[in-house]
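Asks: In the working numbering, the protein residues as written are 29 to 422.
No residue lacks a Cβ here, since even glycine has one placed at the ideal position from N, Cα and C.
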Amino acid sequence: MITDAGARPPLRAWGEAWRLLAAAGMGVLLWLVTAAQLPVGAAGPRVAWLVTGDPLLALACLIALLWRRRFPVVITLAVILASTASVLAAGASLLALCSLATRRRPAETAVAAVLSVVTAVLIADLYPQREVPGPLWLLISLPALMVGIVVAVGAAIGARREEVRSLRERVESAEREQAARAAEARIMERHRIAREMHDVLAHRVSLVAMQAGVLGHRPDLPADQVAELARGIADGSHQALEELRDVLGVLRASPEGLEPPQPSLADLPALVSDARALGLDVTLTATIPGEPPDAIARTVYRVVQEGLTNAGKHAPGARVAVTVEGEAGDGVRATIRDSGAARAVTGPPASGFGLLGLSERVGLAGGELDHHAEPGGGFVLAARLPWPVREGSE
Numbered sequence: 029m030i031t032d033a034g035a036r037p038p039l040r041a042w043g044e045a046w047r048l049l050a051a052a053g054m055g056v057l058l059w060l061v062t063a064a065q066l067p068v069g070a071a072g073p074r075v076a077w078l079v080t081g082d083p084l085l086a087l088a089c090l091i092a093l094l095w096r097r098r099f100p101v102v103i104t105l106a107v108i109l110a111s112t113a114s115v116l117a118a119g120a121s122l123l124a125l126c127s128l129a130t131r132r133r134p135a136e137t138a139v140a141a142v143l144s145v146v147t148a149v150l151i152a153d154l155y156p157q158r159e160v161p162g163p164l165w166l167l168i169s170l171p172a173l174m175v176g177i178v179v180a181v182g183a184a185i186g187a188r189r190e191e192v193r194s195l196r197e198r199v200e201s202a203e204r205e206q207a208a209r210a211a212e213a214r215i216m217e218r219h220r221i222a223r224e225m226h227d228v229l230a231h232r233v234s235l236v237a238m239q240a241g242v243l244g245h246r247p248d249l250p251a252d253q254v255a256e257l258a259r260g261i262a263d264g265s266h267q268a269l270e271e272l273r274d275v276l277g278v279l280r281a282s283p284e285g286l287e288p289p290q291p292s293l294a295d296l297p298a299l300v301s302d303a304r305a306l307g308l309d310v311t312l313t314a315t316i317p318g319e320p321p322d323a324i325a326r327t328v329y330r331v332v333q334e335g336l337t338n339a340g341k342h343a344p345g346a347r348v349a350v351t352v353e354g355e356a357g358d359g360v361r362a363t364i365r366d367s368g369a370a371r372a373v374t375g376p377p378a379s380g381f382g383l384l385g386l387s388e389r390v391g392l393a394g395g396e397l398d399h400h401a402e403p404g405g406g407f408v409l410a411a412r413l414p415w416p417v418r419e420g421s422e
């Protein structure tokens, strides 16, 4: 039999226990009422069945309920039919009916409900009574009312479970979409970095090829110029190898549509000037002796650019301090610190992937990125990038 038991939330031991205890309690109550209605001095097989067979059959029904989620229709119908011979099993019958109603399948629930009302009418004549049973409409209406309440409760529980399951699936779907967007943002950042490195590496190799071409076509050059060209070829080749090491491991994008020359540390003052023109109060402190590798310089520029962009979006009117420092062997540190928004305004919508892409860029460069809010207000974006000492330099 195919059921939807797997779609239901699993029951813990206590959850199963209190349901069975409630069903047993209701059955005991009906059993006591039935025993109290026996005529004085009543005896015979039916009275003996009430004392022995009725409780045993009810116990079997309660045990069978443990499998009601695996075989809901079979167990429910079996327990309902068994309740025609056991008053004490009435509680188990109602629990089985309520559990079946949570499936929210009208056909099978209607059959079980009608069968429950019929068994309730039949069991009214199972044991002798001191008083004459009431009219037939009363014998039918009271069980029908009870069965209707149980079915309504079961349907409500099933609707609630369906709603919770739907909300859980929505959350899981949203998390998957968020993860997919984050992965796409990382891939786009890798593409951007690969295009930048492609331009720089092509420039380096072109210079080396041009200098080598001069040596091949001008054998009459003086020795000092030949030595200078040779040094230029060696330096250019070394720099090209450094750029090649950087580009290895980065996903390569299409070479079409190459971007313009990429920015470096020399472009930081212009970047800060643009930010001031947009209304930011920015101060720049840059202490960089020498020239770091181009990949590191570009990454520092992107870190500062992202920090100023975020400050303009989320902290209008704030004071922003940009600090770039470091040296060969010690690495480069870039810090963008703002004092917090000076006025409350509604900022533009944010994609949420700027810092994610920046973290990917810094990680590919071998560095670390940190960003956090300050306790007293404001925000800090800091990056630390390696600056290896070039072989042969002091």
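Where does ARG158 sit, in a helix, a strand or coil, going by DSSP?
Replies: For the purposes of this step, residue 158 is taken as the residue at position 130 of the sequence shown. Three-state DSSP puts ARG158 in coil, outside helix and strand.
Asks: Compute the Euclidean distance between the alpha carbons of GLY176 and LEU167, then round it to the nearest angstrom.
Replies: Walking along the sequence shown from the start, residue 176 turns up at place 148. Walking along the sequence shown from the start, residue 167 turns up at place 139. Going from the Cα of GLY176 to the Cα of LEU167 covers about 15 Å.
Asks: For SER147, which residues of its own chain have a beta-carbon under 8 Å away from its beta-carbon, when the five flanking residues on both sides are left out?
Replies: For the purposes of this step, residue 147 is taken as residue 119 along the sequence shown, with counting starting at 1. Reading the sequence as shown, one finds Thr at residue 147 and not Ser. ILE108, LEU109, SER111, THR112, SER121.
Asks: Who are the near neighbours of ARG361 in its chain, counting only those whose CB is closer than 6 Å to its CB and skipping five residues on each side?
Replies: Taking the sequence shown and counting its residues from 1, one reaches residue 361 at position 333. Result list for ARG361: GLU353, GLY354, ARG412, in chain order.
Asks: Thinking just about the alpha-carbon of each residue, which of PRO156, ASN338, ARG209 is nearest to the one in VAL61?
Replies: For the purposes of this step, residue 61 is identified with residue 33 of the sequence shown, where counting begins at 1. Here the closest residue by C-alpha is PRO156.
Asks: With a 10 Å radius around its C-beta and 16 neighbouring C-beta atoms as the bar for buried, classify TRP95 as buried or exposed.
Replies: As a first step, residue 95 is located in the sequence shown; it is residue number 67 there, counting from the start. Classification of TRP95: exposed, given that the 10 Å Cβ count is below 16.
Asks: Taking contact to mean 3 or more Cβ pairs, one atom from each stretch, closer than 8 Å, check whether the region 133-153 and the region 69-81 are in contact.
Replies: Segments in contact, no.
Asks: For ALA148, does the three-state DSSP call read helix, strand or coil?
Replies: Start at 1 with the first residue of the sequence shown, and residue 148 comes out as number 120. Reduced to three states, the DSSP call for ALA148 is helix.
Asks: To the nearest angstrom, report how far apart LEU386 and ARG204 are at their CA atoms.
Replies: The residue you call residue 386 lines up with position 358 of the sequence shown. The residue you call residue 204 lines up with position 176 of the sequence shown. Distance between the alpha carbons of LEU386 and ARG204 is about 22 Å.
Asks: So, at 6 Å on beta carbons, what are the nonlocal neighbours of TRP59 in its own chain, with the 5 sequence-adjacent residues on each side left out?
Replies: Locating residue 59 in the sequence shown gives position 31, counting from the first residue. Cβ neighbours of TRP59 beyond the five flanking positions: VAL115, LEU116.
Asks: What three-state label does DSSP hand ALA213 in the structure shown?
Replies: As a first step, residue 213 must be located in the sequence shown, where it is residue number 185. Of the three classes helix, strand and coil, the one that applies to ALA213 here is helix, per DSSP.
Asks: Cutting at 6 Å between CB atoms, please list the residues of its own chain near PRO414, excluding the five before and the five after it.
Replies: As a working mapping, residue 414 is identified with position 386 in the sequence shown. GLY359, GLY394, listed in sequence order.
Asks: Would you be able to state if there are at least three C-beta pairs under 8 Å between the region 256-263 and the region 291-311?
Replies: The region 291-311, when compared against the region 256-263, does not touch it at the 8 Å Cβ threshold.
Asks: Would you be able to state if there are at least three C-beta pairs under 8 Å between the region 83-98 and the region 174-189?
Replies: No, because fewer than three Cβ pairs between the region 174-189 and the region 83-98 fall closer than 8 Å, the two stretches do not touch.
Asks: Could you check if ALA140 is buried or exposed, using at least 16 other CB atoms within 10 Å of its CB as the buried criterion?
Replies: If you number the sequence shown from 1, residue 140 lands on position 112. Label assigned to ALA140: buried.
Asks: Could you check if VAL350 is buried or exposed, using at least 16 other CB atoms within 10 Å of its CB as the buried criterion?
Replies: Position 322 of the sequence shown, counted from the start, is the residue given in the question as residue 350. That one is buried.
Asks: Quick check on the DSSP output: the alpha helix (DSSP H) that includes GLU44 runs from which residue to which?
Replies: What you label residue 44 is simply residue 16 of the sequence shown in a count that begins at 1. It spans 41-64 - the alpha helix (DSSP H) in which GLU44 sits, taken as one unbroken run.
Asks: Measure from the alpha carbon of VAL56 to the alpha carbon of each residue in ALA118, GLY43, ARG189, then state which is nearest.
Replies: Here residue 56 corresponds to residue number 28 of the sequence shown, with the count starting at 1. Closest by alpha carbon: ALA118.
Asks: ARG188 bridges to which residues according to DSSP?
Replies: Position 160 of the sequence shown, counted from the first residue, corresponds to residue 188. ARG188 pairs with nothing; no bridge assigned.
Asks: Would you mind sorting ALA180 into buried or exposed? The rule is 16 or more other CB atoms within 10 Å of its CB.
Replies: Translated into the one-based positions of the sequence shown, residue 180 becomes position 152. It counts as exposed.
Asks: Just to confirm my understanding: we take SER282, look at its own chain, exclude 5 residues before and 5 after, and list those with CB closer than 7 Å. What are they?
Replies: Position 254 of the sequence shown, counted from the first residue, corresponds to residue 282. Confidence at SER282 is low in this model, with a pLDDT of 43, below 50, so the placement of that residue is unreliable and no value is reported for it.
Asks: Alpha carbon to alpha carbon, how far is LEU384 from ALA251? Give it in angstroms, no decimals.
Replies: In the sequence shown, counting from the first residue as 1, residue 251 sits at position 223. In the sequence shown, counting from the first residue as 1, residue 384 sits at position 356. Each residue's Cα considered, the two are about 53 Å apart.
Asks: Identify which residue in ALA323, LEU392, VAL310, ARG189 has its Cα closest to the Cα of LEU39.
Replies: Numbered from its first residue, the sequence shown carries residue 39 at position 11. Checking every option, the nearest Cα to that of LEU39 belongs to ARG189.
Asks: If I follow the unbroken alpha helix (DSSP H) through ARG330, where does it start and stop?
Replies: Here residue 330 refers to the residue found at position 302 of the sequence shown. ARG330 -> alpha helix (DSSP H) spans 322-342.
Asks: Could you tell me the alpha carbon to alpha carbon distance between HIS219 and ILE185, rounded to whole angstroms?
Replies: Position 191 of the sequence shown, counting from 1, holds the residue named residue 219. Position 157 of the sequence shown, counting from 1, holds the residue named residue 185. The straight-line gap from Cα to Cα measures roughly 51 Å.
Asks: What did DSSP end up calling VAL417 once you bin it into helix, strand or coil?
Replies: Here the question's residue 417 lines up with position 389 in the sequence shown. In the structure shown, VAL417 sits in coil (DSSP, three-state: anything other than H, G, I, E or B).
Asks: Given a cut-off of 7 Å, decide if SER367 and ARG389 are closer than it, judged by their beta-carbon atoms.
Replies: Here the question's residue 389 lines up with position 361 in the sequence shown. Here the question's residue 367 lines up with position 339 in the sequence shown. In this structure, SER367 does not lie closer than 7 Å to ARG389 by Cβ.
Asks: So is SER379 buried or exposed if we call it buried at 16+ other beta carbons inside 10 Å?
Replies: As a working note, residue 379 is residue 351 in the sequence shown. With a pLDDT of only 43 at SER379, under 50, the local geometry of the prediction cannot be trusted, and the value read off the model is given with reservation. Exposed: under 16 other Cβ atoms inside 10 Å.
Asks: Roughly how far, in whole angstroms, is the beta-carbon of VAL145 from the beta-carbon of PRO171, given that I think they are within contact range, below 8 Å?
Replies: To locate residue 145, count along the sequence shown from 1; it is residue 117. To locate residue 171, count along the sequence shown from 1; it is residue 143. Right, their Cβ atoms sit about 5 Å apart.
Asks: One question on the structure: do GLY43 and ALA129 come within less than 7 Å of each other, judged by their Cβ atoms?
Replies: On the sequence shown, position 15 is the one that residue 43 refers to. On the sequence shown, position 101 is the one that residue 129 refers to. Not in contact: GLY43 and ALA129 (Cβ atoms no closer than 7 Å).
Asks: Quick check on PRO320: buried or exposed, where buried means 16 or more other Cβ atoms within 10 Å of its Cβ?
Replies: Here the question's residue 320 lines up with position 292 in the sequence shown. Counting Cβ neighbours within 10 Å, PRO320 comes out buried, since at least 16 surround it.
Asks: According to DSSP, simplified to helix, strand and coil, what is THR137?
Replies: Along the sequence shown, read from residue 1 onward, the residue named residue 137 stands at position 109. Helix.
Asks: Just confirm the distance between the C-beta atoms of ALA339 and LEU308, as a whole number of angstroms; I'd bet it's less than 8 Å.
Replies: Position 311 of the sequence shown holds residue 339. Position 280 of the sequence shown holds residue 308. The Cβ separation is near 6 Å, so the contact holds.
Asks: DSSP puts ILE364 in a beta bridge; with which residues?
Replies: Locating residue 364 in the sequence shown gives position 336, counting from the first residue. BP columns for ILE364 point to VAL350, LEU409.
Asks: Please report how far the alpha carbon of ILE210 lies from the alpha carbon of LEU312, in whole angstroms.
Replies: By one-based count along the sequence shown, residue 210 stands at place 182. By one-based count along the sequence shown, residue 312 stands at place 284. Just to set this straight, residue 210 is Ala in the shown sequence, not Ile. Going by the C-alpha atoms only, they are around 32 Å apart.
Asks: Could you check where the beta strand (DSSP E) with ASP309 kicks off and where it finishes?
Replies: Locating residue 309 in the sequence shown gives position 281, where the first residue counts as 1. First-last of the beta strand (DSSP E) with ASP309: 309-315.
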